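Report on the structure given below.
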Amino acid sequence: MLIIQIICTLFFLFDAIGDLFFAHDIFAGFDHDIIELLVVIALSVSIAFTVLQIRQMLHRQRRIEEQIKIASGAFITMLDQYFEEWKLTPAEQDVALFLIKGMSFTDIATLRQTREGTVKAQCNAIYSKAKVTGRSQLLSFFIEELLSEELIASS
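Residue numbering for the sequence shown follows UniProt numbering, starting at 1 and increasing by one per position.
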């Protein structure tokens, strides 16, 4: 479609240049009005198709954004299920979420208004309950869950 629009634009450009600078018309050998009408029709059709494609892309983008929201909610639901299964306390659940987000012990302690030692103790309790040895295994566990199961049903 873009090629048709470019050809039509070039036609009108050369036509205008010919009308302005030359005594004779560039397209003098053709029935000028018919060619111009065909070009206008072609340009109009190509613009209509372009608008249609843009609308389809915007619709697809909205649908993808919706699916991302659904997947995000499904991920949170999955986290909640494991936190419940592991019997994490509310404080441990908060710390686990911060760990998954990649925050440091210092940052978690600051946000939770506790000491870093408390956060480390909570992390060790989380690792023990989740049967992992550290943060990287905890993250790997959830990444593996994301990759191995379909979080949302295909539509």
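Cβ coordinates follow ideal geometry from the N, Cα and C atoms, glycine included. Model, not experiment: these values are computed from the prediction.
| query | result |
| --- | --- |
| Kindly indicate which three-state DSSP category residue 62 falls into: helix, strand or coil? | helix |
| Output the distance between the C-alpha atoms of residue 71 and residue 142, rounded to the nearest integer angstrom. | 14 Å |
| For a quick check, are the C-beta atoms of residue 145 and residue 78 less than 8 Å apart? | yes |
| May I have the straight-line CA-CA distance separating residue 90 from residue 112, to the nearest angstrom? | 12 Å |
| I'd like the list of long-range same chain contacts for residue 87, defined as Cβ closer than 8 Å, with 5 residues on each side in sequence excluded. | 129 |
| Starting from residue 120, trace the alpha helix (DSSP H) both ways and give me its first and last residue. | 116 to 130 |
| Measuring alpha carbon to alpha carbon, tell me which residue in 97, 9, 65 is nearest residue 42. | 9 |
| Considering only residues of the same chain and omitting the five flanking positions on each side of residue 134, which have a CB-CB separation below 7 Å? | 127 |
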